[in-house]
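Chains A and B are the protein sequences, given in the same order. With the working numbering as the guide, the letters of the first sequence map in order to residues 1 to 109. With the working numbering as the guide, the letters of the second sequence map in order to residues 110 to 218. All residues carry an ideal CB built from backbone N, CA and C; glycine is no exception. Below is one structure; the comments refer to it alone.
There are 2 protein chains.
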Amino acid sequence: MNLENTQVQMRKGVLEFCILSIISRGEVYASDMLEELTNAKIMVVEGTLYPLLTRLRKAGLVDYKWVESIAGPPRKYYTLTHIGREFLSGLQGTWNELVSSTNRIANHQ
Amino acid sequence: MNLENTQVQMRKGVLEFCILSIISRGEVYASDMLEELTNAKIMVVEGTLYPLLTRLRKAGLVDYKWVESIAGPPRKYYTLTHIGREFLSGLQGTWNELVSSTNRIANHQ
DNA sequence: AAAGTTACCTTGTAATGCAAAGTAGTTGGT
DNA sequence: ACCAACTACTTTGCATTACAAGGTAACTTT
Numbered sequence: 001m002n003l004e005n006t007q008v009q010m011r012k013g014v015l016e017f018c019i020l021s022i023i024s025r026g027e028v029y030a031s032d033m034l035e036e037l038t039n040a041k042i043m044v045v046e047g048t049l050y051p052l053l054t055r056l057r058k059a060g061l062v063d064y065k066w067v068e069s070i071a072g073p074p075r076k077y078y079t080l081t082h083i084g085r086e087f088l089s090g091l092q093g094t095w096n097e098l099v100s101s102t103n104r105i106a107n108h109q
Numbered sequence: 110m111n112l113e114n115t116q117v118q119m120r121k122g123v124l125e126f127c128i129l130s131i132i133s134r135g136e137v138y139a140s141d142m143l144e145e146l147t148n149a150k151i152m153v154v155e156g157t158l159y160p161l162l163t164r165l166r167k168a169g170l171v172d173y174k175w176v177e178s179i180a181g182p183p184r185k186y187y188t189l190t191h192i193g194r195e196f197l198s199g200l201q202g203t204w205n206e207l208v209s210s211t212n213r214i215a216n217h218q
């Protein structure tokens, strides 16, 4: 049990929230998301992201369309569905509560 | 994939941090922790807490001693070890960074 | 046409949260 | 003295899922 493993653990729970947030701002494909998450120091790898996107699609929270690229293979561009938008709104609340609860415990004297 | 499951997911990552924080404030036993976490709206059940405490002990982050109860069976009272204290301090940093990274993504316009 | 790049997908493993059932010490009513 | 209720800790089995590693395919460059 080292610090790095626990850091990974902590990030797990909010990944879904971050990805839905990114998709909510406009059409993106997987590499866009990877870049933004990496910039925000929330590490994710392909092996995590692709299965998660598949789960989100199966749950009806996101949808995608194939788009030809100017250079390279075609890309899957994702968008939020109506359900996805409602779900994200609920997650925002959950996140805010979690932060407040955790800080209450961590800073309690 | 419902909201409740995702809420559970989110909490997972910070559980270790919360539990170490609680133990850092003084000797407590499992039911004390369950009560405090429940009050803070971070739901945990026995089946999660006990194995986690065992992992923390095996990792040398916490220690415990048996204490006879005035009423009921004896209790395991936990304390942080030196290593546990250092680990908690690192986790505090990880948590702060995660909150800031996530909010940056979630509130980015 | 061969090598490189970009993009998406899959498989196998390990970790772990949780429900549910189990063990054991203590108390209180009859 | 017994037995039900309570408290506390433990264990088992299942489902989920992050990740490393390897794979497929389209397109570009040399």
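Nearest to residue i (by Cα), restricted to the options the options
| i | options | result |
| --- | --- | --- |
| Y29 (chain A) | A:S101, A:H82, A:V62 and A:I42 | A:V62 |
| C127 (chain B) | B:G156, B:L161 and B:T115 | B:L161 |
| Y187 (chain B) | B:T163, B:E144 and B:E195 | B:T163 |
| G156 (chain B) | B:Q118, B:M119 and B:L143 | B:L143 |
| V8 (chain A) | A:K58, A:G60 and A:M43 | A:M43 |
| E125 (chain B) | A:E16, A:T6 and A:G60 | A:T6 |
Span separating the alpha-carbon of residue i from that of residue j
| i | j | result |
| --- | --- | --- |
| S31 (chain A) | Y50 (chain A) | 10 Å |
| L200 (chain B) | E68 (chain A) | 43 Å |
| S89 (chain A) | L146 (chain B) | 24 Å |
| P225 (chain B) | V99 (chain A) | No statement about residue 225 (chain B) is possible, as the shown extent of chain B runs from 110 to 218 and does not include it. |
| E136 (chain B) | I23 (chain A) | 45 Å |
| Y173 (chain B) | T190 (chain B) | 10 Å |
| N107 (chain A) | N205 (chain B) | 12 Å |
| G193 (chain B) | I105 (chain A) | 17 Å |
| W175 (chain B) | K185 (chain B) | 5 Å |
| L56 (chain A) | R134 (chain B) | 40 Å |
| E86 (chain A) | K41 (chain A) | 26 Å |
| G169 (chain B) | N39 (chain A) | 34 Å |
| M10 (chain A) | M119 (chain B) | 8 Å |
Buried or exposed (CB count within 10 angstroms, at least 16 for buried), residue i
| i | result |
| --- | --- |
| S130 (chain B) | buried |
| I179 (chain B) | exposed |
| V154 (chain B) | exposed |
Element boundaries [beta strand (DSSP E), containing residue i]
| i | result |
| --- | --- |
| K167 (chain B) | Run containing K167 (chain B): none in the beta strand (DSSP E); it sits in the alpha helix (DSSP H), E155 to K167. |
| T188 (chain B) | R184 to L189 |
Distance between beta carbons of residue j and residue i, contact taken as under 8 Å
| i | j | result |
| --- | --- | --- |
| T211 (chain B) | V14 (chain A) | 5 Å |
| K121 (chain B) | K58 (chain A) | 21 Å between Cβ atoms; not a contact. |
Host alpha helix (DSSP H) of residue i (start-end)
| i | result |
| --- | --- |
| V171 (chain B) | Careful: V171 (chain B) lies outside any alpha helix (DSSP H), inside the beta strand (DSSP E) at V171 to V176. |
| M33 (chain A) | A30 to N39 |
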